[in-house]
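These protein sequence lines are chains A and B, in that order.
What the first sequence shows, in numbering that gives the first Met the number 0, is residues 0 to 328, in sequence order.
What the second sequence shows, in numbering that gives the first Met the number 0, is residues 0 to 257, in sequence order.
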Amino acid sequence: MNDKSGILVVAEPGQGKLANVTLESITRARELAGAVGGPVSVVVVATEAGPLAAQAARYGAGRVYVVERPETTVFRPGPYTDAAMAAIQATDPALVLFANSPDGRDLAAGCAARLGVGLLVDVTGLEARDGRFIATHPCFGGSVIVEKEATAGPAIATVRPSAFAREEAAGDTDVIPLSVDFAPSGLLTKVVDVVVENVGMVSLEEASIIVSGGRGLGSAEGFSVIQALAEELGAAVGASRAVVDAGWKHHQYQVGQTGKTVSPELYIACGISGSIQHRAGMQTSRYIVAINKDPDAPIFSFADFGVVGDLFSVIPALTEEIHRRKAAS
Amino acid sequence: MNIVVCVKQVVDTEAEKRLDPGTWRLDRSVNSILNPYDEYAVEEALRLAESHGGEVTLLCMGPETATEAIRKALAMGADRALLVSGDALAGSDAQGTAYVLAEALKSLEFDLVLFGSRSTDGETGCVPAAVAERLGLPLLSSLSKVEVRDSTLIVHRETEQGYIAYECPAPAVLSVVKGINEPRYPSMKGIMGAKKKPLDVKDPTALSLDTAQIGLSGAQTRVLSATVPEPRKAGMKIEDDGAGAQRIADFLASEKLV
């Protein structure tokens with residue numbers, strides 16, 4: 000990609016610390032930087048960027064650009080896109096990485112539109128070949144794996160959470176305040192309120208274990224057995240479309256084609272039949288365990304371990320068994 | 000409040016999706032439907048128009064057969080539709096699509112542009128932001144509530160923890176999430192009426208589109224390869240004889256998962 004060099008990671012907006020996906024992106028960027036030359040830079044937009052910059056430094060960022068402005072205390076697409084663009088202009092990178100999240104996609108799409116370049120969305124692999132970047136993207140929930148590249152630089156990609164490992168690395172870091180001119184049109188959106196409702200909700204995309212419930216739970220109350228197992232495992236709770244459509248669970252919990260796409264280490268499907276649209280959201284999980292009454296449920300055709308049985312006896316027993324083993328070890 | 004809802008026809012979510020081995024484009028010969036996420040955007044537009052007046056126009060880029068999905072949204076109650084269609088558009092990526100929609104929007108009158116949060120086939124979720132950028136309009140995405148007071152939009156943007164409430168003047172580009180409302184089913188009267196509603200079809204020339212920015216040749220991303228991974232195989236399956244939980248715990252321990 001001609002004279003552009005280095006990689007820029009645009010930190011996922013958040014509170015108080017960097018998101019795992021940002022740390023994963025920094026780690027991968029460091030591994031790739033040798034191939035294209037130039038530093039790994041991170042841009043952080045926050046009320047108090049100091050701790051975030053220090054965290055980026057611990058993961059080996061060579062330069063951290065910080066934006067601390069009253070206009071950007073809470074996510075706003077316009078000014079945050081302006082900040083990302085200012086960092087792109089300051090670094091002239093060969094590759095820019097965003098989180099594949101609602102915020103990250105807004106920013107990546109905004110920057111790509113301004114630059115007139117393409118977008119590599121939801122990448123789970125990134126390689127450098129002859130100075131170009133090749134991105135891997137699982138289409139349709141992983142039933143097809145596509146390799147793509149951008150035809151012009153900088154390449155802009157959104158990175159799927161948990162796709163890469165995160166590792167700290169020693170090195171020197173320059174922390175640089177970045178000045179940004181905010182476009183008036185982006186400042187038209189005003190933040191009125193920030194409301195926290197789900198305290199302690201484990202993010203499905205970042206969870207390493209997910210316990211998910213389907214129609215087999217019988218009712219909204221049936222989720223209590225799922226919840227107990229999830230708490231014992233430190234897992235996130237997921238749900239099938241049937242359960243969300245029935246109003247038993249908020250759609251934020253839905254895994255599948257019209258919900259979230261997840262790839263945890265372990266996915267425990269409880270009372271979920273495993274339709275094509277559900278499978279599309281979870282088949283890239285490393286291990287799948289299924290519990291279902293119906294021995295012919297499609298989920299058993301792709302689960303690593305399946306138990307045909309009543310989830311209301313198997314799940315509580317499993318919760319207890321894991322608790323017992325943890326206590327014994 | 001005149002609203003344009005951008006809609007897409009997608010392959011049925013219950014169908015296995017395939018890529019054409021020659022072009023690496025999605026095989027759209029299987030059953031197609033209105034993108035499920037767009038139903039929420041159409042419903043929201045209808046509700047806003049019902050309480051504040053104004054018309055709902057659908058804007059779609061797609062093949063001629065996309066009229067089927069458009070008719071469904073018309074049957075729900077939208078007033079008219081514009082389909083941008085033509086061979087030159089096939090293979091457009093997210094940026095190309097955003098360019099086409101933005102150009103088409105310039106030919107329409109609106110106070111608000113609504114999108115579903117993403118399509119179930121392209122799945123980029125990037126088109127609303129790119130359209131907003133191209134039109135120089137404010138963007139607010141992933142909304143779980145949209146209200147209008149005078150010409151000010153009051154919206155809730157969903158977050159993992161809850162939501163952020165924003166205010167923004169119209170016109171703006173918004174995308175809404177599943178769950179913002181309960182999309183209505185088209186009534187028999189709606190279905191019959193939809194056949195008579197205006198559905199304009201325009202080709203890229205009629206919109207004076209720059210051919211360098213559209214279609215497969217205008218795409219700024221290139222597919223290098225597409226492979227179908229080895230399908231997951233069934234592993235161990237047991238009947239619960241009372242020791243099912245124990246066996247799962249053993250399996251998790253043997254794979255070092257707990």
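Built from N, CA and C at the ideal position, the CB exists for glycine as well.
Note that the structure is predicted; figures quoted are calculated from it, not measured.
What A:Arg324 touches in chain B, judged by beta-carbon distance under 9 Å, is Ala248, Ala252, Val257, going in chain order.
CA-to-CA, the gap between A:Glu126 and A:Glu166 works out to about 18 Å. Counting along the chain, A:Asp244 sits inside the alpha helix (DSSP H) bounded by residues 240-244. Not a single C-beta of chain A is nearer than 7 Å to the C-beta of B:Gln8.
When DSSP states are grouped into helix, strand and coil, B:Asp149 belongs to the coil group. Rounded to whole angstroms, the gap between the alpha carbons of A:Gly305 and B:Gly135 is 52 Å. For B:Arg70, no beta strand (DSSP E) segment is defined; the enclosing uninterrupted segment is the alpha helix (DSSP H) at 66-75. Per DSSP, the unbroken beta strand (DSSP E) holding B:Glu166 starts and ends at 161-168. Counting only the Cα atoms, B:Asp240 lies some 43 Å from A:Asn99.
Rounded to the nearest angstrom, the gap between the Cα atoms of A:Ala151 and A:Arg323 is 56 Å. At least one CB of chain A lies nearer than 7 Å to the CB of B:Val222. Under the DSSP assignment, B:Pro137 falls outside any beta strand (DSSP E); it carries neither an H nor an E label. Exposed is the label assigned to B:Glu49, since fewer than 16 other Cβ atoms lie within 10 Å of its Cβ. Using beta-carbon distances, B:Cys167 counts as an interface residue toward chain A, with a partner under 7 Å. Exclusion of the five residues before and after B:Leu208 leaves Val99, Glu102 as the residues of its chain whose Cβ lies within less than 7 Å of its Cβ.
If you check each beta-carbon in the stretch 152-185 of chain A against every beta-carbon of chain B, the ones closer than 7 Å belong to Ser184, Gly185. Not a single CB atom of chain B sits nearer than 7 Å to the CB of A:Val254. For the stretch 193-204 of chain A, the set of residues with a beta-carbon nearer than 8 Å to any beta-carbon of chain B comprises Val193, Val194, Val195, Glu196, Asn197, Val198, Met200, Ser202, in chain order.
Leaving aside the five residues that flank B:Cys5 on each side, the residues in its chain whose CB is nearer than 6 Å to its CB run, in chain order, Leu58, Leu100, Phe114.
Counting only the Cα atoms, A:Thr172 lies some 39 Å from A:Tyr252.
The straight-line gap separating the alpha-carbon atoms of B:Ala14 and A:Ile275 is approximately 7 Å. For B:Thr56, the CB contacts under 8 Å within the same chain, skipping 5 residues up- and downstream, are Asn1, Ile2, Val3, Val4, Ala77, Asp78, Arg79, Ala80, Leu81, Leu107, Phe109 in chain order.
Pairing A:Trp247 with A:Ala227 gives a Cβ-Cβ distance that is not under 7 Å. For B:Leu58, there are no neighbours in chain A by C-beta distance under 7 Å, as the nearest C-beta there is about 18 Å away.
With a cutoff of 7 Å on beta-carbon distance, A:Val193 and A:Val73 are scored as near each other.
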